[in-house]
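The structure appears right after this line, and notes come after that.
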Amino acid sequence: MIVALSGGIGGAKLALGLSHVLPLSELLIVANTGDDFEHLGLSISPDIDTLTYALAGLDNQELGWGRRDETWSFMETLGSIGGETWFRLGDRDLALHVERTRRLRAGETLSAITAGIARRLGIGPRILPMSDDPVRTRLRSDAGWLDFQHWFVRDQTRPPVHAIDFAGAAEARPNPLLLEALRSRPRAVVICPSNPFISIEPILAVPGLRAAIAACGAPVVAVSPIIAGQAVKGPTARMFEQTGMVPSAAAVAARYAGLLTHYVMEPEDDAAGIEAQVIRAPTLMRSLKDKIALARVVLSAA
Ligand code: FO1
Ligand code: CA
Numbered sequence: 003m004i005v006a007l008s009g010g011i012g013g014a015k016l017a018l019g020l021s022h023v024l025p026l027s028e029l030l031i032v033a034n035t036g037d038d039f040e041h042l043g044l045s046i047s048p049d050i051d052t053l054t055y056a057l058a059g060l061d062n063q064e065l066g067w068g069r070r071d072e073t074w075s076f077m078e079t080l081g082s083i084g085g086e087t088w089f090r091l092g093d094r095d096l097a098l099h100v101e102r103t104r105r106l107r108a109g110e111t112l113s114a115i116t117a118g119i120a121r122r123l124g125i126g127p128r129i130l131p132m133s134d135d136p137v138r139t140r141l142r143s144d145a146g147w148l149d150f151q152h153w154f155v156r157d158q159t160r161p162p163v164h165a166i167d168f169a170g171a172a173e174a175r176p177n178p179l180l181l182e183a184l185r186s187r188p189r190a191v192v193i194c195p196s197n198p199f200i201s202i203e204p205i206l207a208v209p210g211l212r213a214a215i216a217a218c219g220a221p222v223v224a225v226s227p228i229i230a231g232q233a234v235k236g237p238t239a240r241m242f243e244q245t246g247m248v249p250s251a252a253a254v255a256a257r258y259a260g261l262l263t264h265y266v267m268e269p270e271d272d273a274a275g276i277e278a279q280v281i282r283a284p285t286l287m288r289s290l291k292d293k294i295a296l297a298r299v300v301l302s303a304a
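Position one of the sequence shown corresponds to residue 3 (my numbering), numbered consecutively onward.
Shown next, in the form of structure tokens:
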């Protein structure tokens with residue numbers, strides 16, 4: 003079994019690559035749920051959905067989130083009657099949030115709902131929320147404490163961030179299927195090229211998960227989300243700067259200190275100080291071919 007920890011866009015690209023080079027039953031993808039929130043009365047799980055749509059071939063490649071062939075009648079109509087439109091829910095995407103919300107209210111777990119929808123969409127690999135208990139990423143910024151989506155989408159990551167908190171993490175129980183996979187000696191744990199602060203660290207903040215990964219006996223292989231000091235997408239580099247650190251591939255590796263055995267990074271980037279075996283490879287994933295090639299590099303460490 004390969005256990006891959008993932009956020010949204012960058013993680014989903016590598017997860018798709020992995021799904022092409024592994025038997026489908028051999029891949030377990032652990033999704034960050036720190037981005038989840040309740041909006042317009044609906045339960046939204048952005049990273050689960052980005053993974054779900056990517057693996058089903060239904061992803062919106064222009065936006066990096068949501069569904070392809072999307073239309074926006076609901077949002078336009080909502081705006082026309084004075085509703086909140088800063089978080090854009092497309093007409094097709096909306097169905098997933100309505101259905102998830104209904105099933106959560108009926109008492110189903112997020113894991114069961116995610117698995118049921120994945121099955122209906124014909125997805126092979128398991129997508130597991132890190133926990134079925136709510137964990138909510140919050141950021142202390144120049145504008146005070148903000149919920150993740152308010153900072154990320156509504157405020158466009160503008161307010162400088164000084165601290166991050168994963169509300170509920172201390173009480174959250176790790177996904178039992180994930181613990182079981184880690185106990186049955188996986189072939190490798192992969193940390194996808196996601197933002198360490200807001201995509202991977204919420205997963206590692208669930209009590210017991212960091213220790214279970216460290217103790218699982220498998221290689222732990224991370225892929226750098228930073229190339230030449232820049233994030234491929236999103237605020238990763240800026241978040242290092244705002245907390246007084248210089249963004250680099252090595253700075254990301256340092257966030258996973260004590261966990262990593264292997265680190266995949268660009269040939270040109272500085273590996274000084276990285277306490278893992280460094281594997282040099284192109285990490286930018288533009289095409290499916292790139293995703294598959296990087297997945298093979300990652301698995302070569304396993
Ligand atoms: N990201 C945006 O930047 N703007 C949006 O309007 C937006 C809507 C949205 C709707 C559903 C969904 O599953 C994701 C959505 N995202 C949107 C992405 C989401 O905010 C992610 O948490 C971030 O991309 C970080 O991974
Ligand atoms: Ca995310």
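Every residue, glycine too, gets a C-beta built ideally from N, C-alpha and C.
Pair within 7 Å by beta-carbon distance, Arg69 and Leu57: no
Of the listed residues Gly10, Ser250, Arg104 and Met132, nearest to Leu180 (C-alpha basis): Met132
Spatial neighbours of Ala283 in its chain, beta-carbon cut-off 7 Å, leaving aside the 5 residues before and after: Val266, Leu296 and Val299
Closer than 6 Å: Gly13 CB and nearest ligand 2 heavy atom: no
Alpha carbon of Val223 to alpha carbon of Val248, nearest angstrom: One C-alpha to the other measures close to 22 Å.
Where the alpha helix (DSSP H) through Gln244 begins and ends: Thr238 to Gln244
Length of the line joining the Cα atoms of Glu270 and Asp93: 43 Å
Phe89 vs Val155 beta-carbon contact at 7 Å: Contact: yes.
Interface flag, Ile83 vs chain D, CB-CB below 7 Å: Within the model displayed, chain D is absent; a lone protein chain is all it includes.
As assigned by DSSP and simplified to three states, the class of Thr139: strand
Whole-number beta carbon distance between Pro237 and Gly210, since they are thought to touch under 8 Å: No, Gly210 and Pro237 are not in contact; Cβ-Cβ is about 28 Å, not under 8 Å.
Alpha-carbon spacing of Asp144 relative to Phe39, whole angstroms: 22 Å
Val155: CB within 6 Å of a non-hydrogen atom of ligand 1: yes
Member of Met287, Val23, Asp135 and Lys235 whose CA lies at the smallest distance from the CA of Glu110: When C-alpha distances from Glu110 are compared across Met287, Val23, Asp135 and Lys235, the shortest belongs to Asp135.
Length of the line joining the Cα atoms of Ile193 and Leu301: 12 Å
Sequence ranges, beta strand (DSSP E) only - wholly within the stretch 18–68, length at least 3: 29–33, 39–41 and 44–46
Closer than 6 Å: Ser133 CB and nearest ligand 2 heavy atom: no
With 16 other Cβ atoms within 10 Å as the buried cut-off, status of Ile83: By the beta-carbon neighbour count (other beta carbons within 10 angstroms, threshold 16), Ile83 is exposed.
Gly10 CB to nearest heavy atom of ligand 2 below 6 Å: yes
Beta-carbon gap between Ala33 and Asp51 smaller than 7 Å: Between Ala33 and Asp51, the gap from beta carbon to beta carbon reaches 7 Å or more.
DSSP bridge partner residues for Gly146 (one or two, in chain order): Ser143
Strand pairing of His264, partner residues [DSSP]: Val223 and Gln279
For Leu286, the first and last residue of its enclosing beta strand (DSSP E): Boundaries for Leu286: no beta strand (DSSP E) harbours it, and the DSSP string shows neither H nor E there.
Three-state class that DSSP yields for Gly228 in the structure shown: The question names Gly, but residue 228 is Ile in the sequence shown. DSSP, read as helix, strand or coil, puts Ile228 in strand.
Cβ pair Pro221, Ala304 closer than 7 Å: yes
Continuous beta strand (DSSP E) stretch holding His99: start and end: Segment Asp93 to Arg107 is the alpha helix (DSSP H) holding His99; no beta strand (DSSP E) there.
Per-residue DSSP class, three states only, for Phe76: Residue state, collapsed to three classes: helix.
Element boundaries [alpha helix (DSSP H), containing Pro178]: Unbroken alpha helix (DSSP H) run through Pro178: Pro178 to Arg185.
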